[in-house]
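Note sheet for the following structure.
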Amino acid sequence: MKSWVLHLSLFLAGMAFIVVNLHDVEPLPFWSWSRNKVNWVAEHGEEYDTLFFGSSRMHYGLKPDVFDARMAELGTPTKSFNFALSGMRMHDVAHMLDWVVAHKPQSLKRAVIELHSFEQNIRGHQWFSDQDLEMHSSDVFWMRMQSVVLSNTPAVDKAKQAQYVLMHSASNALRLGQGSRITQDWIARAHGERLPKAYDVEDRGWQSVASVQLPHMVQAHEDFPSQREHFERQLSWKAGKAPIPALNGGFNAEAIRKQASMLRAVGIEPIYVVMPTYSTDFFGRDGVAEVAKEVRVLELDDPAPNRPLYDWAGYYDASHLGAEGAAVFSRYLADRIVECGSLQFGAATSPHYAPLAPPALAAAWSVDGQQLQLSADGLPFVGDVVVQFGDAGAQAVDGGLELAVAQPPKAVIPLVRELLYRATATVPVANVPAGEAITLQLVTMFEGKVVAVSAPMKLAPR
Amino acid sequence: MIFSEPRFLVFFLVVFAVHWALQSNALRKHWLLAASLFFYGCWDWRFLFLIAGAATTDWFVSLRIENARAAGKKTKSWLLVSLIYNLGTLGFFKYFNFFVDSAVVLFEWLGLPVSRVTLEITLPAGISFFTFQTMSYTIDVYRGELKAVRGYLDFLLYVTFFPQLVAGPIVRASTFLPQLDVKRKFEDVDVHLALGQFLSGFIKKSVVADMIARPADEVFAAPQDYSAGSIAIAVFCYSIQIYCDFSGYSDMAIGAARLLGYELCRNFNFPYLATSITDFWRRWHMSLSTWLRDYLYISLGGNRGSRWFTHRNLMLTMLLGGLWHGAGWNFVIWGAIHGIALVVHKEWIRVVGAGRMPFFSRLVTLYTVMLAWIFFRARTFGDAWTMAKAWVVLESPGAKEVTLWSWSAEHVMWERFAILLVPLLVLHVLTNLNTHLWLRRVLPSPLVTLLLGCVSAMALAFMPLEARPFIYFQF
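Line order of the protein sequences matches chains G and X.
Residues in the first sequence are numbered from 37 upward in steps of one, following this note's numbering.
Residues in the second sequence are numbered from 4 upward in steps of one, following this note's numbering.
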């Protein structure tokens with residue numbers, strides 16, 4: 037018995053020795069299909085303030101140049117990059133987000149994340165896929181196990197899902213299948229190449245789905261026209277708001293809440309998006325509703341309020357938008373994201389623009405009393421957000437304020453958005469007599485019309 | 004469930020632990036039988052009836068043969084029962100559609116159109132192996148070389164013993180059945196040797212064969228697009244793949260059986276180092292080649308006749324040996340090439356003498372074996388012919404070059420080829436020189452265990468991400 041224990045320990049020690057050394061030789065968290073985008077963001081991340089994450093639906097469906105153009109039209113210019121990758125599920129995205137937080141570009145303000153299921157066996161029985169090896173960490177392991185436990189599937193299915201997670205984890209821990217990468221490294225290093233080698237990323241990460249020649253996707257595309265009736269039926273079923281349970285591995289609202297907190301802590305605002313599809317393979321509408329209580333969710337997989345996204349011609353297959361559909365979607369998403377600020381948590385999961393109660397305004401004098409510091413939180417939607425002086429009236433003069441002027445025009449101070457829902461301004465104030473209170477109001481305007489005005493706020497004298 | 008799958012590891016650990024925990028030999032045999040039936044049932048439980056039918060028939064027939072002989076009666080009719088049952092089953096499951104299709108083609112060629120009747124027949128895993136195994140047992144009993152076994156469960160375990168069930172080695176009853184009577188002690192098991200053999204088989208299959216399969220698959224899928232050089236590389240790769248795949252499986256089978264205290268026969272002995280084609284068949288799939296020799300070639304008359312009679316027997320044996328591998332004319336052609344090569348070699352020995360120019364002989368043997376692999380592997384006869392022309396007269400059917408595994412074509416393929424093959428070749432030579440046995444003698448036992456752990460982790464890391472089924476499972 038003693039000898040057995042000794043030999044077993046030695047055997048395991050031998051394995052551990054190699055595994056630890058392989059981890060040192062070959063850390064490569066991202067190597068294969070993910071490497072280009074990862075390296076691109078590592079090198080060019082400072083150019084972007086918005087990153088998109090998600091699966092092939094986002095990868096083929098979101099055109100950053102169209103999105104940015106629309107955001108500029110809406111008065112909130114952005115520079116975005118499509119960081120989505122085919123096959124990604126929520127736990128994979130979590131791994132990518134961990135990486136982004138660890139390498140956070142200073143310019144990054146928002147992460148638009150496709151809300152998807154925590155599907156555990158996206159690669160079926162292929163336990164050693166690149167994805168499973170790369171998109172992995174102990175945090176991700178626990179998140180996946182938690183998702184399995186929380187899922188509303190029968191115990192047998194849960195056991196299967198747990199088996200997948202364990203196999204993926206074991207394969208990752210043992211660095212299964214990375215030998216060929218190591219040999220490739222040796223060769224590349226002998227050639228003096230930097231590793232992992234990256235290539236230019238075109239179209240800011242977007243790829244036309246038509247350029248993908250994977251047989252199963254081509255097949256799905258060819259079959260799509262003949263299945264119109266079937267998919268239209270599915271669409272009306274979705275529009276009927278039927279409760280749709282979480283698919284294959286559950287929906288882990290708790291993990292998404294934690295993720296949102298983590299991102300906000302480093303100044304990145306998460307916006308979750310359920311991508312539009314003709315298929316019904318999503319993913320826990322109940323879960324979405326739960327998440328929406330605390331994070332912003334745009335459920336665009338709901339045809340009733342999002343009709344522009346359900347033009348048959350815009351789709352490559354039931355799950356993916358074609359190039360034209362991607363352009364429509366990118367503009368639409370920009371509108372909805374700007375609008376997103378008006379959504380209160382828990383208010384709705386489908387954004388119809390309807391101005392809610394005006395957001396909160398805060399104002400204070402600077403220490404020297406020469407400047408007025410303004411900030412507004414929970415801002416609504418599109419267009420101009422300004423602060424205007426109320427009853428006393430005022431007039432803008434060269435960036436300062438003349439308060440001695442009588443009734444209109446009132447002084448208008450534009451606020452600069454820092455995040456979609458937050459804006460600030462610091463303005464020098466010339467003529468407010470000491471000891472005199474002033475009145476401020478937050479005004480929201482859309483397409484030249486005032487759509488919301490907060491109650492007057494009295495600021496104490498400086 | 005295949006040996007390189009994680010679930011086999013779990014299965015085997017349970018079987019291993021319970022097997023050695025049981026104190027009684029009878030209980031151990033029952034346990035192994037149950038495990039073997041479970042293992043086979045994982046492929047398709049319906050075929051459990053088939054394998055049990057084959058075992059029951061031959062067990063019963065062999066007892067009848069022995070009783071008839073004791074009573075001075077004729078035994079041949081009982082042997083015929085076994086042959087008809089076994090060959091009938093094999094013929095139906097494996098060759099029915101092949102023979103029907105071939106007959107239809109023949110009739111159409113003769114201008115006699117007939118309607119085509121094909122059946123959806125699933126090939127039971129390992130049918131070629133267990134059928135040959137049960138047949139050899141009955142023939143041995145018929146020849147009086149073996150006593151019929153009385154215990155039915157013992158015989159069933161012999162047929163279904165899971166390490167060798169689906170892809171051999173084709174174990175002879177005379178080798179295996181006596182082992183069932185001996186109660187084994189775990190202390191007698193050479194764990195290092197058994198584990199080392201299993202691991203070496205795993206490396207051959209999962210690291211080398213699966214990795215080198217890619218370039219071969221690429222070229223064999225569309226040979227008309229590739230240059231002669233690429234075709235030569237693909238043939239070379241396939242030759243390595245099939246050897247490592249099949250001998251790897253055999254090594255794992257032998258290693259797994261050893262861990263349970265049983266010895267199976269050796270199946271490969273460095274076949275690509277053979278000095279002649281005759282020597283090749285003494286080294287390649289030895290359990291099949293000896294089976295064909297003992298039960299087919301000798302039954303046909305062997306070399307007990309004229310030169311041409313011997314040549315005829317050789318050809319027939321190899322043609323049927325080819326057909327054993329699969330229901331397709333490509334396998335028959337493969338067998339024919341080997342048959343012709345054996346005949347030519349016999350004539351060469353007669354005219355020139357044996358053992359001349361050993362290095363040159365090795366090269367010619369390897370070249371011929373590889374030529375035959377083209378017909379074994381190609382999808383169609385047209386593909387095979389295209390590749391054979393490239394192999395023999397260096398005629399390039401296309402200009403495309405093969406990429407040696409395909410992440411990118413940036414690096415010179417020879418570098419990757421060398422990185423994989425040089426260590427493989429060195430290991431092959433070292434093993435041939437029995438260096439591993441010397442190491443076991445020289446190194447302290449704990450250090451050997453530590454090394455095995457290291458090699459296991461390396462093997463897992465170096466296996467490619469896509470697992471492939473064993474080639475010989477289809478036979």
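No residue lacks a Cβ here, since even glycine has one placed at the ideal position from N, Cα and C.
Every value quoted in this text rests on a predicted model; they were computed, and no experiment measured them.
8 angstroms contact criterion, which residue i and residue j should meet: CB distance rounded
{"i": "X:Thr389", "j": "X:Gln244", "result": "No, X:Thr389 and X:Gln244 are not in contact; Cβ-Cβ is about 20 angstroms, not under 8 angstroms."}
{"i": "G:Ser91", "j": "G:Arg146", "result": "About 19 angstroms; that fails the 8 angstroms criterion."}
{"i": "X:Arg261", "j": "X:Val192", "result": "7 angstroms"}
{"i": "X:Asp143", "j": "X:Lys208", "result": "The Cβ separation is near 31 angstroms, so there is no contact."}
{"i": "G:Phe119", "j": "G:Met132", "result": "7 angstroms"}
{"i": "X:Thr137", "j": "X:Ala74", "result": "Contact flag wrong, Cβ pair sits at about 24 angstroms."}
{"i": "G:Arg367", "j": "G:Arg106", "result": "5 angstroms"}
{"i": "X:His348", "j": "X:Ser279", "result": "5 angstroms"}
{"i": "X:Ser139", "j": "X:Tyr298", "result": "6 angstroms"}
{"i": "G:Arg240", "j": "G:Pro100", "result": "4 angstroms"}
{"i": "X:Phe14", "j": "X:Met4", "result": "6 angstroms"}
Exposure label - residue i; buried when at least 16 CB within 10 Å
{"i": "G:His152", "result": "buried"}
{"i": "X:Arg307", "result": "exposed"}
{"i": "G:Val102", "result": "buried"}
{"i": "X:Asp184", "result": "exposed"}
{"i": "X:Arg380", "result": "buried"}
{"i": "X:Val429", "result": "exposed"}
{"i": "X:Phe95", "result": "exposed"}
{"i": "G:Pro492", "result": "exposed"}
CA-to-CA distance, residue j to residue i, given in whole angstroms
{"i": "X:Val355", "j": "X:Thr293", "result": "27 angstroms"}
{"i": "X:Arg296", "j": "X:Gly342", "result": "13 angstroms"}
{"i": "G:Leu451", "j": "G:Val331", "result": "24 angstroms"}
{"i": "G:Ser244", "j": "G:Arg343", "result": "22 angstroms"}
{"i": "X:Glu69", "j": "X:Tyr145", "result": "8 angstroms"}
{"i": "G:Gly111", "j": "G:Asp104", "result": "11 angstroms"}
{"i": "G:Arg498", "j": "G:Val448", "result": "20 angstroms"}
{"i": "G:Thr460", "j": "G:Leu478", "result": "12 angstroms"}
{"i": "G:Leu301", "j": "G:Ser183", "result": "Strictly speaking, residue 301 of chain G in this sequence is Ala, with Leu absent from that position. Distance between the alpha carbons of G:Ala301 and G:Ser183: 23 angstroms."}
{"i": "X:Glu404", "j": "X:Leu463", "result": "30 angstroms"}
{"i": "G:Trp401", "j": "G:Ala206", "result": "59 angstroms"}
{"i": "X:Ile87", "j": "X:Leu453", "result": "52 angstroms"}
{"i": "G:His43", "j": "G:Met298", "result": "45 angstroms"}
{"i": "G:Ala362", "j": "X:Tyr246", "result": "51 angstroms"}
{"i": "X:Val21", "j": "X:Phe11", "result": "15 angstroms"}
{"i": "X:Thr59", "j": "X:Leu159", "result": "8 angstroms"}
{"i": "G:Lys494", "j": "G:Pro306", "result": "33 angstroms"}
{"i": "X:Glu398", "j": "X:Ser230", "result": "8 angstroms"}
{"i": "X:Gly91", "j": "X:Met321", "result": "21 angstroms"}
{"i": "X:Ser250", "j": "X:His288", "result": "8 angstroms"}
{"i": "X:Arg359", "j": "X:Val396", "result": "26 angstroms"}
{"i": "G:Glu360", "j": "G:Leu144", "result": "28 angstroms"}
Residues near residue i in its chain [Cβ-Cβ closer than 7 angstroms; skip 5 each side]
{"i": "G:Tyr314", "result": "Phe267, Gln270, Leu271, Tyr351 and Ala354"}
{"i": "X:Leu180", "result": "Val152, Asp157 and Tyr161"}
{"i": "G:Ser122", "result": "Ser91, Ser92 and His95"}
{"i": "G:Ala78", "result": "His139"}
{"i": "G:Val176", "result": "His127, Ala130 and His131"}
Spatial neighbours of residue i in its chain, beta-carbon cut-off 6 angstroms, leaving aside the 5 residues before and after
{"i": "X:Cys240", "result": "Ile215, Pro218 and Ala219"}
{"i": "G:Gln424", "result": "Lys446, Val448, Gln477 and Val479"}
{"i": "X:Lys186", "result": "Asn28"}
{"i": "X:Ala37", "result": "none"}
{"i": "X:Gln182", "result": "Tyr265"}
{"i": "G:Ala399", "result": "Leu410, Leu476 and Leu495"}
{"i": "G:Phe53", "result": "none"}
C-beta neighbour in chain C for residue i, strict 8 angstroms
{"i": "G:Arg332", "result": "Judged by its chain identifiers, the structure shown contains no chain C, and its protein chains are G and X."}
Proximal residues to residue i (C-beta, below 8 angstroms), its chain only, five neighbours per side dropped
{"i": "G:Thr462", "result": "Ser402, Gln407, Leu408, Gln409 and Leu410"}
{"i": "G:His172", "result": "His131, His204, Ser205 and Asn208"}
Segment contact, 8 angstroms Cβ cut-off, at least three pairs: the region 165–183 of chain X with the region 253–271 of chain X: With the cut-off at 8 angstroms, the region 165–183 of chain X and the region 253–271 of chain X touch.
Segment contact flag, the region 249–256 of chain X with the region 196–210 of chain X, C-beta cutoff 8 angstroms, min 3 pairs: Yes, they touch.
Looking at C-beta atoms only, is the number of pairs between the region 359–369 of chain X and the region 330–339 of chain X that lie closer than 8 angstroms three or more? The region 359–369 of chain X vs the region 330–339 of chain X: no contact.
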